[in-house]
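> The numbers in my numbering rise by one with no breaks, and the one at position 380 of the sequence shown is 381. Glycine included, C-beta positions come from ideal geometry on N, C-alpha and C.
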Amino acid sequence: MIFRRSWLSAAVLALAVSSLPSVAASAAPRPSGTAWSVQRDADALRDTGVTGVAVRLETPRGTVTARSGVGDLVTGRPVPKDGFLRLGSTTKTFVATVMMQLVGEKRISLDQTVEQLLPEVVSGAGNDGRSITVRDLLQHTSGLSDYIYDVLPNPSAQTYFANRWRAYKPEELVDLAMRHEPAFPAGTRWAYSNTNYVLAGMIIEKITGRTWEQQVRDRILRPLGLQHTDTPGTWPFLPYPHTANHQQFTVGDAMVDTTIPYRPFDSGADGSMTGTARDLNRFFAALASGQLLKPAELAAMQNAVPMPQDSGHPEGTRDGLGLFFTPLSCGGGYLGHGGSGFGYVIRAATTVDGRRTVTVSAHSRSADPQTAARQEDALRNLIDHALCRTT
């Protein structure tokens, strides 16, 4: 199934998805309160053309889940309950948490430079590891080029199928980025770069003698009992059950099954983890409530810088160390991180006290900018409504 393309036309796909009933609505009478609100918003996200949607909300009153659309375009099977997900860049929050634990143990400092920790790794084309700190890496203020543009020069179906099995070593990805001049002097501006977290993973291994994957397992996954979260590296197959991911590469073209990841950017410390919404909610709630970090390190992680207006994030969003702060319409804000790849978008968010936590996964992506914008708005509204409700 995961190798198969779905050769539905875009128009037929939109009609098929929009006409699908939500799983909850077809299985039981319409729920009320929070459950109804979450299901309504999941259906609204589906109605923008997303093939499959899953939501899990944890509150002091219990757990609310919603599913909408289908788990596979060909078979029409439903979106599975608590299916396995690609976490994408949400991996960065796990890596940043390990880094902050090392800060708390006095094994590294946020003000140490990359050159001190990884001598001669960041150099060439105007890049200078002597001017870039650990904080700059974790907060995306390094100015380093994003290697993504080197391993994905043309985001097309042809590129996806031709290169999806190729994997790079972290050092190779950094070398690719070092061919380009920095976008700005370190610490002066903000720009998201996956290269930052490839370097963070390398620093963890240099300092501890063990890989970032081993450190995440020992320091986070095992203590929290996150048995369904994994660091699979270059292993390309999701465990079952899972929803198929679908990418439209060109407006008007067919959706392509992209459940197999694009390994050039889905296999490292910047975005390779897999897991479930249940585990992801537990992680973010534990992080926000102080179970994983001492108060000083948690405060440092939340010390955020403003985002540029063209960053694509909601107005008022600020970036901490592997953790974004986004304002809520009801006041205050939430902490979280998102992840995306070919055919999927995932968002994990928690109130600052960790009492309400939500994970949303959308399992298709459109090539049409207007459709993509509507889907993004629907996803943001879902999170805002879920975290703002008091019941």
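1) Checking the sheet assignment: what are the DSSP bridge partners for I347?
2) From the DSSP output, in three-state form, read off R5 for me.
3) Might you give, ordered along the chain, the residues of its own chain that have their beta carbon closer than 8 Å to the beta carbon of P186, omitting 5 neighbours on each side?
4) Compute the Euclidean distance between the alpha carbons of A300 and D112, then round it to the nearest angstrom.
5) Relative to the alpha-carbon of N197, which residue among D44, G130 and V361 has its alpha-carbon at the smallest distance?
6) For F298, count the other beta carbons within 10 Å of its own beta carbon; 16 or more makes it buried, fewer makes it exposed. Which is it?
7) Relative to the C-alpha of Q117, which candidate in P307, L200, A255 and P242 has its C-alpha closest?
8) Out of T134, I261 and A163, state which residue places its alpha-carbon closest to the alpha-carbon of L119.
9) With a threshold of 6 Å on Cβ separation, who are the neighbours of D280 within its own chain once the five nearest residues in sequence on each side are excluded?
10) Which value, in whole angstroms, describes the spacing of the CA atoms of E377 and A387?
11) To the nearest angstrom, how far is it from the Cα of G1 to the Cα of D311?
12) Can you give the beta carbon distance from G337 to V353, rounded, assuming they're within the 8 Å contact cut?
13) Should Y169 be labelled buried (16 or more other beta-carbon atoms within 10 Å of its own) or exposed?
14) If you measure between the beta carbons of G53 and V80, is that distance less than 9 Å?
15) What is the rounded straight-line gap between the Cα of I205 and the Cα of T212?
16) So what's H181 in DSSP terms, helix, strand or just coil?
17) Give a yes or no on contact between the segment 37-56 and the segment 160-176, applying the rule of three or more CB pairs nearer than 8 Å.
18) Across the segment 165-180 and the segment 355-364, are there enough close Cβ pairs to call them in contact, namely three or more that are closer than 8 Å?
19) Using the three-state DSSP reduction, which class does R62 fall into: helix, strand or coil?
20) Cα separation between R1 and R381?
21) I need the boundaries of the alpha helix (DSSP H) containing H247, first residue and last residue.
22) Considering only their Cβ atoms, is the gap separating T91 from G272 smaller than 9 Å?
23) Express the C-alpha separation of G72 and G34 in angstroms, rounding to a whole number.
24) Quick check on the DSSP output: the beta strand (DSSP E) that includes T76 runs from which residue to which?
25) How many Å lie between A255 and Q216 at the Cα?
26) Just to confirm the assignment, what range does the alpha helix (DSSP H) spanning T98 have?
27) Which term fits P262, buried or exposed, when burial requires 16 or more other beta carbons within 10 angstroms of its beta carbon?
28) Based on the DSSP secondary-structure assignment, which residues constitute the bridge partners of T244?
29) Is N195 helix, strand or coil when you go by DSSP?
30) Look up L380 in the DSSP assignment and say whether it is helix, strand or coil.
31) Can you list, in chain order, the residues of its chain with a C-beta nearer than 8 Å to that of G202? Leave out the 5 residues immediately preceding and following it.
32) Spatial neighbours of S362 within its chain, please: C-beta separation below 6 Å, excluding the five flanking residues on both sides.
33) When we look at the beta-carbon of Q248 and count the other beta-carbons within 10 Å, is it buried (16 or more) or exposed?
34) Identify, in the order they occur along the chain, each residue of the same chain with its Cβ nearer than 8 Å to the Cβ of L103, setting aside the five sequence neighbours on each side.
35) Relative to the C-alpha of Y148, which candidate in P183, L322, R283 and T327 has its C-alpha closest?
36) Mind checking R223: buried by the 16 CB within 10 Å criterion, or exposed?
In terms of the structure at hand:
1) In the DSSP assignment, I347 is bridged to G340 and S362.
2) Because the pLDDT at R5 is just 29, under 50, the model does not fix this residue reliably, and the point stays unresolved.
3) Result list for P186: S132 and G144, in chain order.
4) Approximately 16 Å between the Cα atoms of the pair.
5) Comparing Cα positions, the closest option is G130.
6) The question names Phe, yet the displayed sequence has Glu at residue 298. Buried, since its Cβ has 16 or more Cβ neighbours within 10 Å.
7) That would be L200, whose Cα lies nearest to the Cα of Q117.
8) Taking only the C-alpha atoms, the option nearest L119 is T134.
9) For D280, the CB contacts under 6 Å within the same chain, skipping 5 residues up- and downstream, are L227, H229 and T230 in chain order.
10) Cα to Cα, E377 sits roughly 16 Å from A387.
11) In this structure the chain extends from 2 to 392, so residue 1 is not present and cannot be described.
12) About 10 Å separates the Cβ atoms of G337 and V353, ruling out a contact at the 8 Å cut-off.
13) Answer is buried; the Cβ neighbour count reaches 16.
14) Yes, the pair counts as a contact, with Cβ atoms nearer than the cut-off.
15) Roughly 7 Å between the two C-alpha positions.
16) DSSP places H181 outside both helix and strand once states are collapsed to three, so it counts as coil.
17) Contact between the segment 37-56 and the segment 160-176 is absent, because fewer than three Cβ pairs lie under 8 Å.
18) Taking a contact to require three or more Cβ pairs closer than 8 Å, the segment 165-180 and the segment 355-364 do not qualify as touching.
19) Note: R62 maps to coil in three-state DSSP.
20) Lying before the first or after the last residue shown, residue 1 is absent from the chain, which here runs from 2 to 392.
21) Element bounds for H247: not the alpha helix (DSSP H) but the beta strand (DSSP E), H247 to Q249.
22) In contact: G272 and T91 (Cβ atoms closer than 9 Å).
23) Taking the straight line joining both Cα atoms gives about 26 Å.
24) In the DSSP annotation of this structure, T76 is not part of any beta strand (DSSP E), being labelled neither H nor E.
25) Their backbone Cα atoms lie some 41 Å apart in a straight line.
26) From DSSP, the alpha helix (DSSP H) with T98 extends over T92 to G105.
27) Buried, since its Cβ has 16 or more Cβ neighbours within 10 Å.
28) Bridge pairing for T244: absent [DSSP].
29) Residue state, collapsed to three classes: coil.
30) Note: L380 maps to helix in three-state DSSP.
31) In its chain, beyond the 5 residues on either side, V96, P171, T212, W213, G269, A270 and D271 have a beta carbon closer than 8 Å to the beta carbon of G202.
32) Within the same chain, Cβ atoms closer than 6 Å to the Cβ of S362 are found at A55, L86 and I347, the five residues on either side in sequence being excluded.
33) Buried, because 16 or more other Cβ atoms sit within 10 Å of the Cβ of Q248.
34) Result list for L103: I109, I205, I208 and T209, in chain order.
35) Ranked by Cα distance from Y148, the options P183, L322, R283 and T327 are led by P183.
36) A residue is called buried when at least 16 other Cβ atoms come within 10 angstroms of its Cβ; R223 does not meet this threshold and is exposed.
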